[in-house]
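Residue numbers (this note's numbering), protein chains in the order written: chain F, 1181 to 1277; chain A, 3 to 335; chain W, 12 to 272. By construction, the Cβ of each residue, glycine as well, lies at the ideal position given by its N, Cα and C atoms. Following: one structure in structure tokens, then a few remarks.
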Amino acid sequence: MSNTQNEWPLWEVFVRPKAGLDHKHCGSLHAPDPKMALQMAREVYTRRLEGTSVWVVRSDQIVASDPADKDMLFDPAEDKVYRHPTFYELPEAVNHM
Amino acid sequence: MYTQMMDMAPADERKPLRSAEEHELETRFDARIDEGGFIEAKDWMPEHYRKTLVRQISQHAHSEIVGMLPEGNWVTRAPTLKRKAILLAKIQDEGGHGLYLYAAAETLGTSRDQMVDALHSGKAKYSSIFNYPTLNWADVGVVGWLVDGAAIMNQIPLCRCSYAPYARAMIRVCKEESFHQRQGFDALNVMMREGTDAQRAMVQDAVNRWWWPSLMMFGPPDAESPNSAQSMRWGIKRISNDDLRQKFIDATAEQAKVLGVTLPDPLLKWNAQREHYDFGPIDWSEFWRVVGGEGACNRERLADRVSAWDNGAWVRDAALAHARKQQTQAQAA
Amino acid sequence: MTPSIQIPADLRLRYLLRLADACLIHAQRQSEWCGHGPIIEEDMALTNMSLDLIGQARAVLTHVGQLSGKGYDEDQLAFLREERDYLNPTLVELPGRKAGRDFADAMLRNLMVATWMHLWWQRLQASGDTEVAAIAGKAVKEARYHREHASDWVIRLGDGSDESARRMRDALARLWPYGTELFAADEADAAAVASGLGPSRADLQPDWTAAMLAVLAEAKLAAPAPSKFVPTGSQGVHSEHLGYMLAEMQYLQRAYPGGKW
């Protein structure tokens, strides 16, 4: 019923709370463009604290592997972080799923 | 708080296993759960486990978002600038919690639009407590004290939920949540200790209306919650409805004494043998009526959310249109 | 009923109340969006900005209370003045979301106000009043963020879809005439310049106009022709909208005399 093609893209958020630490994955959010993704990530995941570094990556740009499931490495459709509906482009006729 | 919804999910989603391989996967899955391990987004999981979690996490998220409305009702009327700021910060936290939870649910194969659609069409539920109206300023404090108090009690065990993205979201939520209950209690305490008679009456009035609905937040009695057993088995639910409810009553009855308010239950009494508070019967017909859509604010709450979303459609579409124009320009350059 | 407080007629207080009340009333209108934004992420941004504005209002009102010699606190000043003693510009009291105004209206209003406040706070960092300078040091960063956020949205909406462009044009036609008041200087501004308290609001106009036109150009929007309309909120003579807003805002303080919150 809902058309996921008009949904704002999903972005994964990584935050380094202070110098010396790694960026850590915090979660995701929806934003229409990189600038807003970054701004929103700061609003939502850091509440605009100074000194934090934020990375945002479009979720469908992340290439992932899961060593525990060796079969999956050979299936290109399985290299996304998770099975989000907008990651997979379906033919128009069945795009309503 | 949101496990309340899970108990009412249909139990008809279990499909028979198809192959020996799937049987093997399920055995490994069960073993990991039994040893207290975590399930991540890409791990194999039974379809019923996935569906149960999508429903629970998304309904938890919806509850946070709808929960912004009864308190939002008092933002423009907050009595001091400090209280206004605290209330705005709290409501903002709730929005943030909704976002963390939508993010966790999306790892299971659903999308934000799909979840919002389910809420707006009435297919997905949210915690029934938010269908009650906030009628005076003290309601805001009581919501913080009782409703957030109950939520915290439900949420702490979820920090050990077997589905790791949900557990991680809950850890983040719980870190921010304790401020919510404290600020509610503090607002009431100031009115009770230093306020006028009229203020004290306002507080007692709010307590009278919110006490029983808060107890209902823990869901129906264990004996009437058939899905609880499966959720416990899968490490989604850790403590039973009745046990959580008892814990809440024991803690809150003591807090009520500190505040100097009377909880509206003539049968509420410490039982030295059980080492718990005895309490009066809950009117479950009220619970089912409100869950079924006939509470004071069900229609308004949903209408507000639908209207915010629908009125925002042109905004979201415009932002996407602009982003696409920028991309086209960048590619042409 | 809790009675109103009276503010001494003092040019310094007048100047500072114009600043404080702009923050207070703008925050009050903007907070109507809390829980009703076009998407939750944006809801949080709007609420964050309302919190910033309330913080700025509290800081300046507290200072005004001290300077007044009457020992008023931030809440007495925020909640117990008569309407004619609120000195916000009319722009910020205009109807908002609850009255059916849309997100384009909200973003344009934010752009006009945040650009103005950013320029004002920048100059107040050099105030001879060390408390004002300190407040400005913090507020200027917040105002810069608000200005950037609003600019980005005006551009997105102006150069987004046909519908969003139409709504932005409607918002411009409605709000632009209220901009002139932001720079209508009087003896309070002259006194502020003379004492080193702060700039004349008139001095902010060239930079404001340049900044606004630049954003509008990028948003593919045209600034409306200048109008002869002269709002007077900062003189204490408001539109019909402030009365309703204050009735709501002041209700609990007025209805519970002696109340402690």
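Cβ separation of W:Ala38 and W:Ser61, assumed to be a contact under 8 Å, to the nearest whole Å
5 Å
Kindly list the residues whose CB is nearer than 6 Å to the CB of W:Leu183, restricted to its own chain and excluding five residues on each side of it in sequence; keep chain order.
Pro235
In or out: A:His25 buried (at least 16 other Cβ within 10 Å) or exposed?
exposed
Keeping to the same chain, check which residues put their C-beta closer than 7 Å to that of A:Arg202; ignore five residues upstream and five downstream.
Met193, Met194
In chain order, what residues of the same chain lie with their CB nearer than 7 Å to the CB of W:Ser162, ignoring the 5 residues before and after it?
Leu122, Val226
Chain W contact residues for F:Glu1187, given Cβ-Cβ distances below 8 Å:
Correct list: empty, because the minimum Cβ distance to chain W is about 10 Å.
For F:Asp1202, would you say it is in contact with chain A, using Cβ-to-Cβ distances shorter than 9 Å as the test?
no
Would you report the Cα separation of A:Arg318 and A:Thr254, rounded to the nearest angstrom?
43 Å
When DSSP labels each residue in this structure, what does A:Tyr102 get in the three-state scheme?
helix
Contact belief for A:Thr136 with A:Trp76 at Cβ below 8 Å, rounded distance in angstroms:
6 Å
Contact with chain F by A:Leu101, beta-carbon distance below 9 Å:
yes
Selection from A:Ser60, A:Leu27, A:His122 that minimises the alpha carbon distance to A:Leu304
A:His122
Taking only runs of the beta strand (DSSP E) that begin and end inside the stretch 137–180 of chain A, which ones reach a length of at least 3 residues, in chain order?
none
Which same chain residues, not among the five before or five after F:Phe1254, have their C-beta less than 6 Å away from its C-beta?
Summary for F:Phe1254: the model assigns pLDDT 48, below 50, so the residue's position carries little reliability, and this model does not support an answer.
Beta-carbon gap between W:Glu159 and F:Glu1223 smaller than 9 Å:
no
Ordered along the chain, which non-local residues of its own chain (more than five positions away) have a Cβ less than 7 Å from that of F:Pro1256?
Because F:Pro1256 sits at a pLDDT of 48, beneath the cut-off of 50, its placement in the model cannot be relied upon, and the following sentence gives the value as read from the coordinates. Taken in chain order, the list of residues that qualify is empty.
Helix, strand or coil at F:Phe1194 [DSSP, three-state]:
strand
What does the alpha-carbon distance come out to for the pair A:Leu83 and W:Glu85?
8 Å
Does A:Trp337 pass the burial test, meaning 16 or more other C-beta atoms within 10 Å, or should it be called exposed?
The structure shown does not extend to residue 337 of chain A, since chain A is modelled only from 3 through 335, so no value can be given for it.
Using a 10 Å radius around the Cβ and a threshold of 16 neighbouring Cβ atoms, would you call A:Pro81 buried or exposed?
buried
First and last residue of the uninterrupted beta strand (DSSP E) at F:Gly1207:
1204–1210
So, with DSSP's three-state summary, where would you put F:Arg1238?
strand
Whole alpha helix (DSSP H) runs in the stretch 180–227 of chain W with 4 or more residues, listed along the chain?
198–206
How would you write the range of the alpha helix (DSSP H) that A:Lys127 sits in, first residue to last?
Neither: A:Lys127 is in no alpha helix (DSSP H) and is coded neither H nor E.
Which residues of chain F have a Cβ atom closer than 7 Å to the Cβ of A:Thr109, listed in chain order?
Tyr1262
When the Cα atoms are used, what is the spatial distance from F:Val1236 to A:Val145?
35 Å
Residues of its chain near W:Met128, where Cβ-Cβ distance is below 6 Å and the 5 sequence neighbours each way are ignored
Ala154
Candidates A:Val263, A:Gln275, A:Phe250: which alpha carbon is nearest A:Ala208's?
A:Val263
Beta carbon proximity, F:Met1252 to chain A, threshold 9 Å:
Caution is warranted here: a pLDDT of 46 is assigned to F:Met1252, below 50, making its placement in the model unreliable, and the coordinate value is therefore given only provisionally. It does: the Cβ of F:Met1252 has a partner Cβ on chain A nearer than 9 Å.
Excluding sequence positions up to five away, which residues of its chain have a Cβ less than 8 Å from the Cβ of A:Tyr112?
Here residue 112 of chain A turns out to be Thr, not Tyr, going by the sequence shown. The residues are Val56, Ser60.
Per DSSP, what kind of secondary structure is A:Asp280 in: helix, strand or coil?
strand
Considering just the uninterrupted stretch of the alpha helix (DSSP H) at A:Trp311, what are its terminal residues?
300–313
For W:Lys109 and W:Ala205, the rounded distance between their alpha carbons:
42 Å
Can you tell me whether W:Thr243 is buried or exposed, with buried defined as 16 or more other CB within 10 angstroms of its CB?
exposed
Looking at the C-beta of F:Val1193, does it have a partner C-beta in chain W at a distance below 9 Å?
no
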